[in-house]
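What follows is one structure encoded as structure tokens, with my remarks underneath.
There are 2 protein chains.
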Amino acid sequence: MAISFTEENYLKVIHRLSEATSEDISTNAVAELMQTKAASVTDMLRKLADKGWVNYQKYQGVRLSAEGEKIALSIVRKHRLWEVFLVDKMGFNWDEVHEIAEQLEHIESDQLVNKLDEYLGFPKTDPHGDPIPNKEGVLPELAYSHLSDIKATKTCKLMGVAQDSAVFLQLLTKLNLNLGAKLDIKEINEFDRSIFVSINDAAPIFISHEVAKNILVKI
Amino acid sequence: MAISFTEENYLKVIHRLSEATSEDISTNAVAELMQTKAASVTDMLRKLADKGWVNYQKYQGVRLSAEGEKIALSIVRKHRLWEVFLVDKMGFNWDEVHEIAEQLEHIESDQLVNKLDEYLGFPKTDPHGDPIPNKEGVLPELAYSHLSDIKATKTCKLMGVAQDSAVFLQLLTKLNLNLGAKLDIKEINEFDRSIFVSINDAAPIFISHEVAKNILVKI
DNA sequence: TTAAATTTTTAGGTTAATCTAAAAATTATT
DNA sequence: AATAATTTTTAGATTAACCTAAAAATTTAA
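If you're matching them up, the sequences are chains W and Z in order.
Counting from 4, one number per residue, gives the positions in the first sequence under the numbering used here.
Counting from 4, one number per residue, gives the positions in the second sequence under the numbering used here.
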């Protein structure tokens, strides 16, 4: 069935919200991420339900159907593969690719996506460490922790970020916090939950809880 | 000023029609290429004129303004660069890339286009031999002849095609008529204007006038 | 457990891009 | 040059995606 860019974006947003919870997704939550009004969301949810891509009962919130999930994952796959392309082949920085990938994710050609995947060497994650679904829509399992959840001084490796905003990514770059960086946690401060950490064996620095919450590490 | 995909497609079509003539372009001609109705075209032409991208007086036809020309050329540039990408990097055949490039040409990022151009080695033509405008919108001059216009037996080189349809391109591929092929014209038949020609020194074959009209050669 | 606050939906409109049918203008033909 | 044929425009609708304002349902709090 034909799908519009807008419908794709709704499915993507519902998918994103569903990853964080097992509850049904509220109209308002969708509205906020879609940067639109709740009334518009209600209209669209009814339409998506008619097409069989979501399960929706009014006042009860929404969740993706199996088919909706499949579509959402194919968009995520395209988004993340294009991000790899932009960074690895086009030479963009990791904080510059999100907006362009938002456009490229809507290009429709399974053949192209699969050729791109091959051309990039079947990457498992995008430049922010987010997992890339394979052709069948299966996400590789990556068991990462939020840096903020770590309770003891130890060594870990930066594997991803929980936020793609340019300001955040630029800050990380400035601090030398790139994908793969080695982190030696020296101290965890109870007072403000800041972390005193050495990055790639450099002199240790303080990292705020706010930043640590958005850093994913492998222990 | 913001521009929609549809507006971009109208400008592209008017540009294409303008290349073939110095006259103003008729509403019907635009309607045919846009696969829509004349009434819809009239509406859009008024809108494009309001935005300053075309000069349009009702009943008098339309032509691109300087600014409209600039936009159209930037779309052509993107379309053709993406076609090179699809053939050279993704491994598509020249008859498979048009539809995908129709989508990719609307991706908005000057930075991306220029990086792509560089990545591809600043190609002068696309996989069909069509010239690629540079960053400034200047088309390289390629003085090619239609094979059908050649009057005497001689040797020439296949430099491009005047049509991108998949059936035509697949026929050329079957006949070994690829970009760069050497053509030895052995005979030109007055009766049906067919051409007896040897391709890359193979045994000569007959090529119809209809096909010859759509082949561009360098003498 | 009722009232207050919040969330969600409905009702009624708007805009962009399209359509059909009819009217107006232009071009071609006798 | 008048009429016929064609092209183009106008008028009035339609659809997708959005909006605001008001009504209805749900949740929270007194």
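Beta carbons are placed, not taken as given, at the ideal position from N, Cα and C, and that holds for glycine.
Taking all protein chains shown into account, do 16 or more other C-beta atoms lie within 10 angstroms of the C-beta of G71/W, making it buried, or fewer, making it exposed? Using a 10 angstroms sphere on the CB of G71/W, the tally of other CB atoms reaches 16 or more, which defines it as buried.
Residues within the stretch 75-109 of chain Z neighbouring chain W, beta-carbon criterion of under 7 Å: K92, M93, G94, I103, Q106, L107
Between which two residues does the alpha helix (DSSP H) carrying T156/Z extend? Unbroken run through T156/Z: none, as it is neither H nor E.
Can you find the residues in the same chain that come closer than 6 Å, C-beta to C-beta, to I78/Z, ignoring five residues on each side of it along the sequence? E11, K15, E108
If you count every other CB in all the chains shown that lies within 10 Å of the CB of H82/Z, and 16 or more means buried, which is it? The residue is buried, with at least 16 neighbouring Cβ atoms inside 10 Å.
Would R80/W pass as a contact of V116/W if the rule is Cβ separation under 9 Å? yes
Going along the chain, which residues of its own chain have a beta-carbon closer than 8 Å to the beta-carbon of I74/Z, five neighbours each way excluded? Excluding positions up to five away in sequence, the list reads I6, E11, L14, W56.
Any beta carbon from chain W within less than 9 Å of L150/Z's own beta carbon? no
I'd like to know if the stretch 171-180 of chain W and the stretch 137-149 of chain W are in contact, where contact means that at least 3 CB-CB pairs between them fall below 8 Å. Cβ pair count under 8 Å is below three, so no.
Measuring straight from C-alpha to C-alpha, what distance separates L119/W and D113/W? 10 Å
If you reduce the DSSP assignment to three classes, tell me which class K92/Z lands in. If DSSP states are grouped into helix, strand and coil, K92/Z belongs with the helices.
Taking CB distances under 9 Å as the criterion, tell me whether Y122/Z reaches chain W. yes
For P2/W, which residues of its own chain have a beta-carbon under 7 Å away from its beta-carbon, when the five flanking residues on both sides are left out? What is shown of chain W runs 4 to 222, which leaves residue 2/W out entirely.
Would a check of beta-carbon distances place L172/W closer than 9 Å to chain Z? Among the CB atoms of chain Z, none fall inside 9 Å of the CB of L172/W.
Can you name the start and end residues of the beta strand (DSSP E) that R66/W belongs to? Segment 65-67, the beta strand (DSSP E) holding R66/W.
Nonlocal neighbours in the same chain, by C-beta distance under 7 Å from F194/Z, ignoring five residues either side: none
Secondary structure at V57/W, three-state DSSP: helix, strand or coil? strand
Closest by CA to Q166/W, which one among K160/W, L175/W, C159/W? Of K160/W, L175/W, C159/W, the residue nearest in Cα terms is L175/W.
Taking just the CA atoms, how far does W85/Z sit from Y147/Z? 23 Å
CB contact check: E111/Z to chain W, cutoff 9 Å: yes
Return the chain-ordered list of same chain residues with a C-beta closer than 8 Å to the C-beta of A34/W, the five sequence neighbours on each side being excluded. K40, A41, S43, V44, listed in sequence order.
Starting from the Cα of F88/Z, find the closest Cα among T158/Z, R19/Z, I135/Z and give me that residue. I135/Z
Taking just the CA atoms, how far does H131/W sit from I222/W? 18 Å
Return no unless some Cβ of chain Z is closer than 9 Å to the Cβ of Q38/W. It does not; no Cβ of chain Z falls within 9 Å.
Return yes when the Cβ of G64/Z is within less than 9 Å of the Cβ of I103/Z, no when it is not. It is not a contact, given that the beta carbons lie outside the stated cut-off.
Should D129/W go down as buried or exposed, given a rule of 16 or more other Cβ atoms within 10 Å for buried? buried
Assuming I103/Z is part of the alpha helix (DSSP H), what are its boundary residues? 101-107
Start and end of the beta strand (DSSP E) containing L219/Z? Unbroken beta strand (DSSP E) run through L219/Z: 218-221.
To the nearest angstrom, how far is the alpha carbon of V69/Z from that of H18/Z? The amino acid occupying residue 69/Z in the given sequence is Ala; Val does not appear at that position. Between A69/Z and H18/Z, the C-alpha separation is close to 11 Å.
If you count every other CB in all the chains shown that lies within 10 Å of the CB of N31/W, and 16 or more means buried, which is it? exposed
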